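Going by UniProt numbering, the sequence shown wraps up at 288, each residue one higher than the last. Some notes on the structure that comes next.
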Amino acid sequence: MEQQRAELQTETLSCSICLDLLKEPVTTSCGHSYCRTCISNHWDAEEEKRIYTCPQCRETFIRRPALGKNIMLAELVEELKNNRLQEDPDDQRFAAAEDVACDFCTGKKLKAFKSCLNCVASYCEKHLQPHHVSAVFKRHELVDPSTKIQEMICSRHDEVMKMFCRTDQQCICFLCSMEEHKDHDTVSAATERTDKQRELQESRADIHKNIQDREKDVELLKEQEQTINFSADQTVEHSKQVFTELISLLHRRSSEQEKEVRSKHKNKNKKQVSDKIGLYFKLLIQAL
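Structure, rendered in structure tokens:
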């Protein structure tokens, strides 16, 4: 529970651009908070367009907003840093084979907490502290731990690739965007990441909706199947009833026909016997 609360605090007090704890936090008019340097760099990249956007909600500003330090967030960040410093180092996880290890730990290395694109190195929380407190590291770019830090550095200008060229679909540095990519559709890497995340969320929403629609179709087919089965059962029962009544009727008609035939045959025999008796009497009278 304590670990979950700490992770939630870290996420809440992190800048969505550099993904590190807020450094000199400022809050835009739309309510989102960033490191002063991060949001300033983001708006510097949009300077030519004269339209400034929030990397998170994409709200646009015609004039570049003035930024004031968010004192409350700054105090919360400092409190979180102090709490981390007071934690027992033994509670930190040691780096496993699949983890990114701290480049400055001696002996058994701790798991890296952040990687620095400027230093091209990874740091555990303890060795990362100078980046938080020293002005020398103020403009350093911190990212999630990675073994491919060098790939985030422009090989031509030796600068962090903070821009994204949508024309060529590749990450570039700011100098690249001003030179060979100057006529291309370029945005900040943070903007591209936010847009991709939004597209992914929309795609997930569409997939979820399609799944729900298919589930509804399946339920409808099941209901139709039940209706058809019920109708078939009713038809079978009705057919049985009709055949039963028909057989019963045939039995009755057969019995009636049999009785009628027997009755006619009996009456015919009686008449023949009566005629014979009458003839005998007539002959007897003539003989006398």
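Glycine included, each C-beta is placed from N, C-alpha and C at the ideal position. Keep in mind that this is a model prediction, so the values were computed, not measured.
query                                                                                                             : result
One or two residues paired with residue 361 in a DSSP bridge                                                      : The structure shown has nothing for residue 361, since the chain only spans 1 to 288.
Beta carbon of F164 nearer than 7 Å to that of V187                                                               : yes
E11 (DSSP reduced to helix, strand or coil)                                                                       : helix
Residues bridged to K114 [DSSP beta-bridge criterion]                                                             : Y123
Whole-number beta carbon distance between I153 and V120, since they are thought to touch under 8 Å                : 7 Å
C-alpha gap between L110 and S177, whole angstroms                                                                : 37 Å
Local conformation of S16 per DSSP, three classes                                                                 : coil
Contact under 7 Å by Cβ, E159 with C173                                                                           : yes
The alpha helix (DSSP H) enclosing I51, as first and last residue numbers                                         : Taken as a continuous stretch (DSSP letters only), I51 belongs to no alpha helix (DSSP H), as it is neither H nor E.
Buried or exposed (CB count within 10 angstroms, at least 16 for buried), C264                                    : The question names Cys, but residue 264 in the sequence shown is Lys. It counts as exposed.
Selection from V77, L128, T53 that minimises the alpha carbon distance to P25                                     : V77
E225, buried or exposed, once every other Cβ within 10 Å from all chains shown has been counted against 16        : exposed
Cβ shell of L73 (< 8 Å), same chain only, five flanking positions each side left out                              : L13, L22, P25, T27, S33
Through-space distance from C54 to C30, alpha-carbon basis                                                        : 8 Å
Close Cβ partners of H42 (< 7 Å) along its chain, the five nearest in sequence each way excluded                  : I17, P55, S188, A190
Counted within 10 angstroms of its Cβ, other Cβ atoms place M1 as buried (16 or more) or exposed                  : Note that M1 has pLDDT 42, beneath the 50 cutoff, so the model's placement of it is unreliable and the number below is only indicative. Exposed: under 16 other Cβ atoms inside 10 Å.
Helix, strand or coil at M161 according to DSSP, with G and I counted as helix                                    : coil
P145 - DSSP class collapsed to helix/strand/coil                                                                  : coil
Nonlocal neighbours in the same chain, by C-beta distance under 7 Å from T147, ignoring five residues either side : V100
Straight-line gap, F104 to K114 (C-alpha atoms, nearest Å)                                                        : 12 Å
Every unbroken beta strand (DSSP E) within the segment 159-205, with a cutoff of 3 residues, ordered by chain     : 163-165, 170-172, 186-188
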